[in-house]
């Protein structure tokens, strides 16, 4: 399980770097460099969300039925963190809020595409082995 979590953490770091580079590049092309901090806050919140989700799943697998309350409490804390990041962005202004949401969604999109690609590759590998 630790090997899976280690690979998943590496995947999160690579996705964070990709989202940060893509987001900063887009904001640079649009000449909106003051929004980089808000976008990075959104990407960071999403990366933290995925890292904590992996920790909660690992804890639930280890504890069984007793770990479900901890998993639910962790989910509530992560949603509060995401809300705090987005609330802080709204206090700075509307553009900062949308930059933070954009960074958050960009990180989610990259993680989902990577998940789909890994699943397709695993399915192909399994179908070859079953022949």
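Numbering (the working numbering), first residue to last: 11 to 141.
For every residue, glycine included, the Cβ atom is placed at its ideal position computed from N, Cα and C.
- Taking a C-beta distance under 8 angstroms as the contact criterion, residue 110 and residue 123 do not qualify as a contact pair.
- When DSSP states are grouped into helix, strand and coil, residue 41 belongs to the coil group.
- The alpha-carbon of residue 58 is positioned some 13 angstroms away from that of residue 27.
- With a cut-off of 8 angstroms on Cβ pairs, the segment 44 to 52 is in contact with the segment 100 to 116, counting three or more such pairs.
- Counted as a single uninterrupted DSSP element, the alpha helix (DSSP H) harbouring residue 54 occupies residues 46 to 73.
- A direct Cα-to-Cα measurement between residue 18 and residue 138 gives close to 25 angstroms.
- Residue state for residue 137 is assigned as helix, using DSSP reduced to three classes.
- When rounded, the separation of the alpha-carbon atoms in residue 65 and residue 21 is 14 angstroms.
- Classified as exposed, residue 83 has fewer than 16 neighbouring CB atoms from the shown chains inside 10 Å of its CB.
- Residue 112 carries a helical assignment under DSSP once its states are collapsed to helix, strand and coil.
- Rounded to the nearest whole angstrom, the C-alpha separation of residue 90 and residue 140 is 45 angstroms.
- DSSP places residue 103 outside both helix and strand once states are collapsed to three, so it counts as coil.
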